[in-house]
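For what it's worth, our numbering labels the leading residue of the sequence shown as 86, then goes sequentially. Inspection log for the structure reproduced underneath, given as structure tokens.
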Amino acid sequence: MNTLRNMILTAGLLALGGTTSACTAFTSFSEVEALNDAQAVGSPFTQALAEEYRRFANSELKDMFDYPDALHFARKGLAAASGENVLPEPVVDWNLSEEHIRELSAARGRLIVAYDLGGREVAPEIAAKAQAKYDCWIEGQEENWSDAGGTHCKDEFLKHISRLEGMIQPPPAAPAPEITADTGAFDIDPNAPMAVENAMYLVFFNWDSSDLGSGALNVLDAVADEVSKNPPTAINVVGHTDTSGPQKYNQRLAFKRANNVKDALVQRGVDPALILVDAKGETELLVETPDNIREPANRRVNISFN
């Protein structure tokens, strides 16, 4: 279990009356017992998720003797049983190596995208299994399982997320707007190359992700091609997010997006000395929304030239 959660839980137990009270609290396991007795309500997904967490919490308690994590996942199960769409574990809440952070962040991103595309509704039981196995994977990974010894939950997650992704379809792309040039309005030669300072490129991201999709890579190919043909004095790479999630988290996510774009440009031959990275988080929205709103147009990196 994450050190911070462990410290909070231990402090709470000691506040009940020292070591003896702590042991008594751990032998009561009221949350696990309550989950075992709970009658799940809500959507088919939340009911299926409550059942998956019930299995997981009981396994942590009775097979692994991992009392803190048994209580943690029992609480998630109780929330799901009440009808709440409980989210998969945030990667930042667990003590992981950089390699495992990248791998689990990508896995969590796949799950969230599947949810955004209606995966909970299309295949609630498969979605619930995928989430429970993801949480099992991240919990086991923190406990320093070897790659050989900790693959069961990971393999199960990959199996279920692949099935889920195969059952949902991304929304069709909106047709590009028809643009009619009015050459009489501006004194511009349409065949002349674009001025460097007028070039602007946008790279978009999935929710809670800094991964570059195929569409983003195509944009970066175009940027690298433009730079090679018409070199600027500087390239501004500015990360943005939508308003869902805490502001501090969004600021970090915006930097990750901008740095990933920079790395991809460097891989395409762009001089890193030209690239200036910045992040605005959720402070400069392309589409104005209230707080805690997922807006795809705001999840972006702006690329401009000087």
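Glycine included, each C-beta is placed from N, C-alpha and C at the ideal position. Computed from a predicted structure; not experimentally measured.
Tell me whether residue i is buried or exposed, calling it buried when 16 or more other Cβ atoms sit within 10 Å of its Cβ.
i    : result
P278 : Low confidence applies here, because P278 scores a pLDDT of 49, under 50, leaving its location unreliable and the question unanswered by this model.
R140 : exposed
T318 : exposed
E137 : buried
P173 : buried
G162 : buried
E311 : buried
F158 : buried
V177 : exposed
E118 : exposed
S302 : Checking the sequence, you will find Leu at residue 302 rather than Ser. So L302 ends up on the exposed side.
D272 : Any answer about D272 is weak, because its pLDDT of 49 lies below 50 and its placement is not dependable; what the coordinates show is given next. D272 is exposed by the Cβ-count criterion.
E224 : buried
F150 : exposed
S299 : exposed
A208 : buried
N335 : buried
A192 : buried
N391 : exposed
K239 : buried
D220 : buried
E183 : exposed
S190 : buried
E206 : exposed
H185 : buried
K314 : exposed
K147 : exposed
K333 : exposed
Residues in its own chain within less than 6 Å of residue i by CB, not counting five upstream and five downstream?
i    : result
T131 : A165, G168
D363 : V323
I388 : Y286, V308, V322
L371 : A382, N383
A125 : Q132, A135, A166
V351 : P357
V171 : K161, A164, A165
P375 : none
G127 : G168
Y200 : none
R248 : I211
W222 : C238, K239, F242
V355 : A309, V312
P129 : P209
P175 : none
Which residues does DSSP list as the beta-bridge partners of residue i?
i    : result
H325 : G366
I388 : Y286, V322
L63  : Residue 63 cannot be examined here, being either before or after the span of the chain that is shown, 86 to 391.
Given residue i, which residues of its chain have a CB within under 8 Å of its CB, disregarding the five upstream and five downstream residues?
i    : result
R195 : I246, E250
N377 : T328, S329, G330
E373 : none
H325 : A339, R342, A364, K365, G366, E367, E369, L370, L371, N383, R384, R385, V386, N387
L361 : A319, I320, N321, V322
G203 : I253
How many whole angstroms separate the CB atoms of residue i and residue j, which I take to be in contact at a CB cut-off of 8 Å?
i    : j    : result
V346 : V288 : 6 Å
F242 : A215 : 6 Å
R187 : W292 : Not quite, the Cβ-Cβ distance comes to about 18 Å (not below 8 Å), so this is no contact.
R353 : L305 : 6 Å
Consider the Cβ of residue i: report whether some Cβ of chain D lies at a distance smaller than 7 Å.
i    : result
W222 : Reference to chain D is not applicable here, since this structure consists of a single protein chain.
Got a sec? Which residues, its chain only, sit under 7 Å from residue i by beta carbon, not counting five neighbours each side?
i    : result
A142 : V117, L120, A155, F158, A159, G162
S295 : L338, K341, R342, N345
E145 : D151, D154, A155, F158
S115 : none
K218 : C238, E241, F242, H245
Using 6 Å as the cut-off, classify the Cβ of residue i as near or not near the heavy atoms of the ligand HEM, replying yes or no.
i    : result
L297 : Only the bare structure without any ligand can be found here, which leaves the ligand HEM out of the picture.
- Task: Could you name each continuous alpha helix (DSSP H) segment of 4 residues or more that falls completely within the region 177-203, going from the start of the chain to the end?
- Result: Secondary structure in the region 177-203: the alpha helix (DSSP H) runs of 4 residues or longer, each lying completely within the stretch, are 183-201 in chain order.
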